[in-house]
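Student:
Numbering (my numbering), first residue to last: 25 to 531.
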């Protein structure tokens with residue numbers, strides 16, 4: 025979608041064509057609609073990927089900003105004059121506020137001086153095409169992230185934010201196209217005099233959005249499919265298969281879910297909206313969305329009408345964005361943001377089950393020497409190798425992550441660590457030994473480990489990690505390539521995985 029260049033305006037809260045912008049916004053029928061899981065997933069992804077307190081999809085109308093999706097904030101809307109997002113919409117450009125208290129535009133803003141105490145803000149505009157009535161791309165609102173601590177936005181973070189904003193725009197287009205497709209389907213049956221024109225328009229919409237329409241006659245139990253439904257199934261247009269046969273294109277679990285949703289729609293009148301895997305007649309795996317609602321005539325349900333959309337590309341993009349937010353790009357194991365999320369969940373679950381949990385912190389010895397003498401490519405190869413060792417079969421029940429640099433972490437569940445943590449650490453120490461050869465000799469790469477147990481005295485993830493860090497530096501002080509456990513006497517070595525006579529307790 026083509027963006028206009030940022031412009032100056034007499035009022036920072038108005039765009040240069042505010043009337044057209046508001047008309048496009050109203051035509052989308054987006055304001056004050058219920059939450060939708062696709063939009064919610066994007067703000068959750070933004071919050072996690074950028075490690076911020078709040079993420080929002082904000083829609084700006086003439087007097088307020090309303091949140092189509094939110095994560096980390098209870099409010100449903102705020103006045104437009106207080107909205108940071110109004111500045112993004114007016115400028116039609118990325119806005120980054122490293123510290124709102126130091127920015128004269130926002131220092132006195134009630135959202136800065138009071139809850140949610142905004143310090144950092146970054147937002148990118150979200151656009152919609154106005155069509156023939158209002159040509160051009162019009163800013164509807166923003167995708168933004170907010171934190172109560174000052175910070176900056178890196179180039180990587182900016183790209184993630186822009187990619188997610190593009191996905192929001194695609195969802196708005198798909199949502200509007202799907203609504204129009206259903207509306208066209210209903211009008212086709214209600215307005216006979218417009219049948220031919222509406223039919224051509226509907227075919228065009230199907231091809232552009234990869235959406236087809238369907239109708240299930242409840243009296244005859246006959247299915248009607250549009251051309252695009254046949255195309256998505258990779259079937260030649262011929263006799264439509266009966267309902268039972270049509271459902272067989274879904275894998276068993278998805279088939280049960282779609283069948284149950286269809287039954288629920290028929291019995292209760294509740295609209296169906298199912299997203300699931302799908303296998304075409306030629307065996308290709310696809311991701312599809314099936315929507316449907318009752319068609320009523322004289323107060324009686326006579327059919328279920330709906331749309332069928334191939335969302336394979338969108339689903340793949342969502343998966344890729346989710347991986348970007350959760351996976352370390354170099355080692356392909358979890359990154360720090362994902363570790364923080366999983367650790368908090370596992371600590372909470374362990375407390376509910378009245379179980380313990382062990383955290384193993386690993387620091388590679390002589391990694392800098394490898395980088396300096398062998399080059400950064402060799403250093404990267406070493407990091408990938410160490411990450412692979414953390415995926416060994418005997419660690420299958422553990423959660424591995426790279427915290428950054430040459431530091432890794434393992435979460436070990438009680439069923440794996442109970443009674444065997446020392447032996448497990450000893451084996452891991454042996455695996456982490458990896459001599460690196462270079463022109464001047466051999467660099468004895470190893471891993472030094474600090475471990476800590478979750479118990480009643482540990483407040484949260486930060487304290488559990490801090491205790492492991494204390495234990496790690498105690499092990500380094502004594503001898504690299506060894507390990508200690510916080511609060512327990514003894515030094516663990518890779519020789520036999522057993523604790524040596526006590527040197528001193530680590531506190």
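Ideal placement from N, C-alpha and C gives every residue a C-beta, glycine not left out.
Is it right to say residue 137 is buried, meaning 16 or more other beta carbons lie within 10 angstroms of its own, or is it exposed?
Tutor: Indexing the chain shown from 1 puts residue 137 at position 113. Exposed, since its Cβ has fewer than 16 Cβ neighbours within 10 Å.
Student: Please report the residue range of the beta strand (DSSP E) in which residue 368 lies.
Tutor: Position 344 of the chain shown, counting from 1, holds the residue named residue 368. Element bounds for residue 368: not the beta strand (DSSP E) but the alpha helix (DSSP H), 360 to 376.
Student: Per DSSP, which residues does residue 1 bridge with? Please list them.
Tutor: Examination of residue 1 is not possible in this model, given that the chain is present from 25 through 531 alone.
Student: Return the bridge partner residues of residue 437 from the DSSP annotation.
Tutor: Mapped onto the chain shown, residue 437 falls at position 413. DSSP lists 381 as partners of residue 437.
Student: Where DSSP assigns a beta bridge to residue 69, which residues make up the other side?
Tutor: For the purposes of this step, residue 69 is taken as the residue at position 45 of the chain shown. Its beta-bridge partners do not exist; DSSP assigns none.
Student: According to DSSP, simplified to helix, strand and coil, what is residue 50?
Tutor: The residue you call residue 50 lines up with position 26 of the chain shown. Residue 50: helix per DSSP, three-state reduction.
Student: Look at the Cβ atom of residue 390, then the Cβ atom of residue 494, and state whether they are nearer than 8 Å.
Tutor: On the chain shown, position 366 is the one that residue 390 refers to. On the chain shown, position 470 is the one that residue 494 refers to. No.
Student: I'd like to know whether the C-beta atoms of residue 195 and residue 146 end up nearer to each other than 8 Å.
Tutor: To locate residue 195, count along the chain shown from 1; it is residue 171. To locate residue 146, count along the chain shown from 1; it is residue 122. No.
Student: Determine the direct distance from the alpha carbon of residue 488 to that of residue 513, and round the result to whole angstroms.
Tutor: Working through the chain shown from its first residue, we reach residue 513 at position 489. Working through the chain shown from its first residue, we reach residue 488 at position 464. Looking at the two C-alpha atoms, the distance is approximately 18 Å.
Student: Based on Cα-Cα distance, which residue from 119, 510 and 115 lies nearest to residue 478?
Tutor: As a first step, residue 478 must be located in the chain shown, where it is residue number 454. Selected option, being the one with the closest Cα: 510.
Student: Closer than 7 Å by C-beta to residue 379: which residues in its own chain qualify, once you throw out the five before and the five after it? Chain order, please.
Tutor: In the chain shown, the residue the question calls residue 379 occupies position 355. Cβ neighbours of residue 379 beyond the five flanking positions: 438.
Student: Residue 274 lies in the beta strand (DSSP E); which residues open and close that run?
Tutor: Here residue 274 refers to the residue found at position 250 when the chain shown is read from its first residue. Run containing residue 274: none; DSSP gives neither H nor E here.
Student: Please confirm whether any heavy atom of the ligand HEM lies closer than 7 Å to the CB of residue 201.
Tutor: Among the components of this structure there are no ligands whatsoever, and the ligand HEM is therefore not found.
Student: If residue 237 and residue 209 are in contact, beta carbons under 8 Å, what's the gap, nearest whole angstrom?
Tutor: Translated into positions along the chain shown, residue 237 becomes position 213. Translated into positions along the chain shown, residue 209 becomes position 185. Indeed they touch by this definition, with Cβ atoms about 5 Å apart.
Student: Identify whether residue 428 lies in helix, strand or coil by the three-state DSSP scheme.
Tutor: Locating residue 428 in the chain shown gives position 404, where the first residue counts as 1. Strand.
Student: My guess is that residue 70 and residue 242 are in contact by the Cβ rule of under 8 Å, so how many angstroms apart are they, rounded?
Tutor: Position 46 of the chain shown, counted from the start, is the residue given in the question as residue 70. Position 218 of the chain shown, counted from the start, is the residue given in the question as residue 242. So it is not a contact: roughly 43 Å between Cβ atoms.
Student: For residue 216 and residue 328, what's the separation of their Cα atoms in angstroms?
Tutor: The sequence position of residue 216 within the chain shown is 192, counting from 1. The sequence position of residue 328 within the chain shown is 304, counting from 1. Since pLDDT at residue 216 reaches only 49, below the 50 mark, its modelled position is unreliable, and no value is offered.
Student: Roughly how many whole angstroms lie between the Cα atoms of residue 427 and residue 360?
Tutor: Within the chain shown, numbered from 1, the residue matching residue 427 stands at position 403. Within the chain shown, numbered from 1, the residue matching residue 360 stands at position 336. The alpha-carbon atoms of residue 427 and residue 360 are separated by roughly 5 Å.
Student: Could you give the distance in angstroms between the alpha-carbon of residue 476 and the alpha-carbon of residue 496?
Tutor: Indexing the chain shown from 1 puts residue 476 at position 452. Indexing the chain shown from 1 puts residue 496 at position 472. Rounded to whole angstroms, residue 476 to residue 496 spans 10 Å at the Cα level.
Student: Pairs of beta-carbons, one from the stretch 340 to 360 and one from the stretch 402 to 418, closer than 8 Å: are there three or more?
Tutor: Contact between the stretch 340 to 360 and the stretch 402 to 418 is present, because at least three Cβ pairs lie under 8 Å.
Student: Within 10 angstroms of its Cβ, does residue 400 collect 16 or more other Cβ (buried), or is it exposed?
Tutor: For the purposes of this step, residue 400 is identified with residue 376 of the chain shown, where counting begins at 1. So residue 400 ends up on the exposed side.
Student: Would you be able to state if there are at least three C-beta pairs under 8 Å between the stretch 121 to 132 and the stretch 153 to 160?
Tutor: Contact between the stretch 153 to 160 and the stretch 121 to 132 is absent, because fewer than three Cβ pairs lie under 8 Å.
Student: Are the stretch 316 to 327 and the stretch 285 to 301 touching, with three or more C-beta to C-beta distances below 8 Å?
Tutor: Yes: the two stretches touch, three or more of their Cβ pairs being nearer than 8 Å.
Student: Would you mind reading off the limits of the beta strand (DSSP E) that contains residue 450?
Tutor: By one-based count along the chain shown, residue 450 stands at place 426. It is not in any beta strand (DSSP E) - residue 450 instead sits in the alpha helix (DSSP H) that spans 445 to 456.
Student: Which residues in the same chain as residue 278 place their Cβ atom closer than 6 Å to its Cβ, once the five residues preceding and following it in sequence are excluded?
Tutor: Translated into positions along the chain shown, residue 278 becomes position 254. Hits under 6 Å: 300 and 301.
Student: State whether the stretch 44 to 61 contacts the stretch 88 to 97, with contact taken as three or more CB pairs (one from each stretch) at a distance under 8 Å.
Tutor: Result yes; three or more Cβ-Cβ pairs closer than 8 Å.
Student: Count the other C-beta atoms from every protein chain shown that fall within 10 angstroms of the C-beta of residue 3, then say buried if there are 16 or more, exposed otherwise.
Tutor: Look at the range of the chain in this structure, 25 to 531, and you will see that residue 3 is not part of it.
Student: Can you grab the Cα-Cα spacing for the pair residue 458 / residue 435, in whole Å?
Tutor: For the purposes of this step, residue 458 is identified with residue 434 of the chain shown, where counting begins at 1. For the purposes of this step, residue 435 is identified with residue 411 of the chain shown, where counting begins at 1. So the two alpha carbons sit approximately 23 Å from each other.
Student: Between the beta-carbon of residue 388 and the beta-carbon of residue 430, is there less than 8 Å?
Tutor: On the chain shown, residue 388 is found 364 positions in, with the first residue counted as 1. On the chain shown, residue 430 is found 406 positions in, with the first residue counted as 1. Yes. Within cutoff.
Student: With distances taken from CA atoms, which of 393, 452 and 362 is nearest residue 68?
Tutor: One-based indexing of the chain shown puts residue 68 at position 44. Considering only alpha carbons, the answer is 362.
Student: From the DSSP output, read off the bridge partner residues of residue 310.
Tutor: Reading the chain shown from its first residue, position 286 is the one you call residue 310. DSSP output for residue 310 lists 302 as bridge partner(s).
Student: Can you check which of these residues, 42, 484 and 95, is closest to residue 381 by C-alpha distance?
Tutor: Locating residue 381 in the chain shown gives position 357, counting from the first residue. The candidate whose alpha carbon is nearest that of residue 381 is 484.
Student: Look at the alpha carbon of residue 445 and the alpha carbon of residue 239, and state the distance between them as a whole number of angstroms.
Tutor: The count along the chain shown starts at 1 and reaches residue 445 at position 421. The count along the chain shown starts at 1 and reaches residue 239 at position 215. Residue 445 and residue 239: Cα-Cα distance of roughly 60 Å.
Student: Just how far apart, CA to CA, sit residue 168 and residue 59?
Tutor: For the purposes of this step, residue 168 is taken as the residue at position 144 of the chain shown. For the purposes of this step, residue 59 is taken as the residue at position 35 of the chain shown. Using only the alpha carbons, I get a separation of about 17 Å.
Student: Let's see if you can read the secondary structure: which residues bound the beta strand (DSSP E) around residue 403?
Tutor: For the purposes of this step, residue 403 is taken as residue 379 along the chain shown, with counting starting at 1. Run containing residue 403: none in the beta strand (DSSP E); it sits in the alpha helix (DSSP H), 400 to 413.
Student: Is residue 489 helix, strand or coil when you go by DSSP?
Tutor: Locating residue 489 in the chain shown gives position 465, counting from the first residue. Helix, per DSSP.
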